[in-house]
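**Student:** The structure that follows is given in the form of structure tokens.
Residue numbers (the working numbering): 2 to 152.
As structure tokens, then:
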């Protein structure tokens, strides 16, 4: 049975990490007070932001590992990605030792066809208990997609 604040668990057989707890990012009363203090007909973008904050509420998912996942098998399966796996292991360890949420530095996987870039990305998404988005760079021309601005 999952703990009260743990919303998603990853089975031990999958060797992943428990993810997603709820975290309060701001106090609704403070946002409401700031909204009330804004002069009418001024600061429309700030007013809109405060209203969206009140509408959505302060609770958000926070990804915080409760331990380091088992990664040794990935070093054997993905010998071309040892340095990247070391970096990911360091980021997970830093997150575990701090109060910070998990934030993996974005990865750009470059290399000739067949070295295992897609396989690595899929294995990493399974390890972290998340999904993977695939964009083929051979047909990509839109800068807004490449920069992460697409929805």
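Where a beta carbon is used, it is the ideal one built from N, C-alpha and C, also for glycine.
From a predicted model like this one, the values you see are computed outputs, not experimental measurements.
Where does residue 92 fall in DSSP's three states?
**Tutor:** Residue 92 falls in the helix class under three-state DSSP.
**Student:** Does DSSP put residue 135 in a helix, in a strand, or in coil?
**Tutor:** Looking at residue 135 - three-state DSSP - the assignment turns out to be coil, as it is neither helix nor strand.
**Student:** Cutting at 7 Å between CB atoms, please list the residues of its own chain near residue 4, excluding the five before and the five after it.
**Tutor:** Legend: pLDDT at residue 4 = 45, less than 50; position of this residue unreliable, no value from coordinates given.
**Student:** Between which two residues does the beta strand (DSSP E) harbouring residue 53 extend?
**Tutor:** From DSSP, residue 53 is part of no beta strand (DSSP E) but of the alpha helix (DSSP H) over 45 to 57.
**Student:** State buried or exposed for residue 93, treating a residue as buried only when at least 16 other CB atoms are found within 10 Å of its CB.
**Tutor:** It is buried - the Cβ of residue 93 has at least 16 other Cβ atoms within 10 Å.
**Student:** Would the segment 78 to 88 count as touching the segment 112 to 122 if we require 3 or more Cβ pairs under 8 Å?
**Tutor:** The segment 78 to 88 vs the segment 112 to 122: in contact.
**Student:** Residues bridged to residue 72 by DSSP?
**Tutor:** Answer by DSSP bridge pairing: none, since residue 72 is not bridged.
**Student:** Using a threshold of 7 Å, is the CB atom of residue 23 nearer than that to any non-hydrogen atom of the ligand NAD?
**Tutor:** Questions concerning the ligand NAD fall outside what the structure shown contains, since it holds no ligand whatsoever.
**Student:** Based on the DSSP output, what are the partners of residue 84 in its beta bridges?
**Tutor:** According to DSSP, residue 84 bridges with nothing at all.
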